[in-house]
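Undergrad: My questions will all concern the structure given below.
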Amino acid sequence: MDDNDIERVPVRKLSERDYRLYVQYGIVEGEYEDLLVEQEGGCAICHVTPFPDERKLGVDHNHRTGKVRGLLCGKCNSGLGLFLDDPDLLRTAAKYIEADLL
């Protein structure tokens with residue numbers, strides 16, 4: 002389903018999940034599934050694949066632009082949030098952990 006298709010579908014006819022994905026992230030279930038296939042079913046960071054009865058991977062997005070980056074498990078998504086999505090902080094944290102491994 003592309004952007005033109007979604008505009009033709011009355012919002013009330015979308016499934017509850019499609020509606021939430023569309024309103025929050027501008028995607029629909031098919032696009033979520035495409036991301037999941039691209040990521041081989043796992044988190045974009047740790048690659049963990051959730052069990053069927055577990056919560057689905059969350060949609061990660063850039064909070065400034067709204068652009069979807071990928072699908073993350075709860076731990077990785079929370080981790081990025083705790084580091085304020087700041088690459089410099091994440092690099093500093095990685096160096097800190099790596100120094101302890103030497």
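Just so you know, we're using this note's numbering here: the sequence shown kicks off at 2 and counts up by one. Every residue gets a Cβ at the ideal spot worked out from N, C-alpha and C, and that includes glycine. These numbers come from a predicted model, not from an experiment.
Return yes when the Cβ of leucine 91 is within less than 9 Å of the Cβ of alanine 45, no when it is not.
TA: Indexing the sequence shown from 1 puts residue 45 at position 44. Indexing the sequence shown from 1 puts residue 91 at position 90. No Cβ-Cβ contact shorter than 9 Å links alanine 45 with leucine 91.
Undergrad: Report the rounded CA-to-CA distance for aspartate 101 versus alanine 95, giving the unit in angstroms.
TA: In the sequence shown, the residue the question calls residue 101 occupies position 100. In the sequence shown, the residue the question calls residue 95 occupies position 94. Near 10 Å, if we compare the C-alpha coordinates of alanine 95 and aspartate 101.
Undergrad: Using the Cβ count rule (16 or more neighbours within 10 Å means buried), how would you classify aspartate 54?
TA: Position 53 of the sequence shown holds residue 54. Looking at its Cβ environment, which holds fewer than 16 other Cβ atoms inside 10 Å, aspartate 54 is exposed.
Undergrad: Is it buried or exposed for valine 24, if we count other Cβ within 10 angstroms and need 16 for buried?
TA: For the purposes of this step, residue 24 is taken as residue 23 along the sequence shown, with counting starting at 1. Exposed: under 16 other Cβ atoms inside 10 Å.
Undergrad: Looking at valine 60 and tyrosine 20, is the spacing between their C-beta atoms short of 9 Å?
TA: Numbered from 1 along the sequence shown, position 19 holds the residue referred to as residue 20. Numbered from 1 along the sequence shown, position 59 holds the residue referred to as residue 60. Against a cut-off of 9 Å, the Cβ pair of valine 60 and tyrosine 20 comes out as no contact.
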